Amino acid sequence: MKSHQIKFNLNGEAVSLSVEPSDVLLDVLRGRLGIKSPKAGCDRGDCGTCTVLMNGRTVRSCLALAVEADGAEIVTLEGANTRKWTQKLQKKFHEKNAFQCGFCAPGVILSATELLEKNPKATQRDIKEAIAGNLCRCTGYEPIVGAIAETARER
Ligand code: FES
Ligand code: FES
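Using our numbering, the first residue of the sequence shown is number 593, and each one after it goes up by one.
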């Protein structure tokens, strides 16, 4: 297979690297670029632990090919701290102890960031829909939904 040279913006920095057509974005981020917040949970699009923002929208990086990132802006939790909602969400989750092991946390925070950037007046229903693809095996969802709702209320 012929490799491809791709360029994209990763957390505010220009990145250029050669990838194979079958390389998965999650593996490239973690294995070659040292980005550890997106994680392999299910590796088939079900759990949301591999969530990243691509051009401001959440994507499952376990289902995206690295070549799809060519020309895109990719933001992971490592680089999302400059976003207003990400900062507020992280503070609120910390205050509320809304996570336990934290394995789902990067995906949840990025999904909530996408939601609140689009709709700062999000309702509980909007929040539940927005994080429906982010599975948490620890806390149950009440503290998570509550922390996001409280962040939205304090906007
Ligand atoms: S690892 Fe990508 S959705 Fe589960
Ligand atoms: S806090 Fe452990 S998976 Fe969500």
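Every residue, glycine too, gets a C-beta built ideally from N, C-alpha and C.
For clarity, every value in this text was computed on a predicted model and none was experimentally measured.
Residue i: CB within 7 Å of a non-hydrogen atom of ligand 1
{"i": "G633", "result": "yes"}
{"i": "T650", "result": "no"}
{"i": "D638", "result": "yes"}
{"i": "C654", "result": "yes"}
{"i": "C642", "result": "yes"}
C-alpha distance - residue i paired with residue j, whole-angstrom precision
{"i": "F695", "j": "L707", "result": "20 Å"}
{"i": "T715", "j": "A672", "result": "23 Å"}
{"i": "I719", "j": "G626", "result": "30 Å"}
{"i": "R636", "j": "K713", "result": "32 Å"}
{"i": "A739", "j": "N689", "result": "9 Å"}
{"i": "R622", "j": "L669", "result": "13 Å"}
{"i": "A606", "j": "R745", "result": "35 Å"}
{"i": "E709", "j": "W677", "result": "7 Å"}
{"i": "Q679", "j": "L657", "result": "29 Å"}
{"i": "E687", "j": "I736", "result": "12 Å"}
Coil, strand or helix - residue i by DSSP
{"i": "T715", "result": "coil"}
{"i": "A724", "result": "coil"}
Check whether residue i and residue j have beta carbons under 8 Å apart
{"i": "L602", "j": "I666", "result": "yes"}
{"i": "C730", "j": "Q682", "result": "no"}
{"i": "P630", "j": "C642", "result": "yes"}
{"i": "R675", "j": "T650", "result": "no"}
Residue i CB to nearest heavy atom of ligand 2 below 7 Å
{"i": "F685", "result": "no"}
{"i": "T731", "result": "yes"}
{"i": "G694", "result": "yes"}
Any non-hydrogen atom of ligand 3 within 7 Å of residue i CB
{"i": "F691", "result": "With respect to small molecules bound, the structure shown includes ligand 1 and ligand 2 and not ligand 3."}
Integer Cβ distance of residue i from residue j, believed to fall under 8 Å
{"i": "I596", "j": "S610", "result": "Sequence check: residue 596 is His here, not Ile. About 7 Å separates the two Cβ atoms, so the contact holds."}
{"i": "G663", "j": "F600", "result": "6 Å"}
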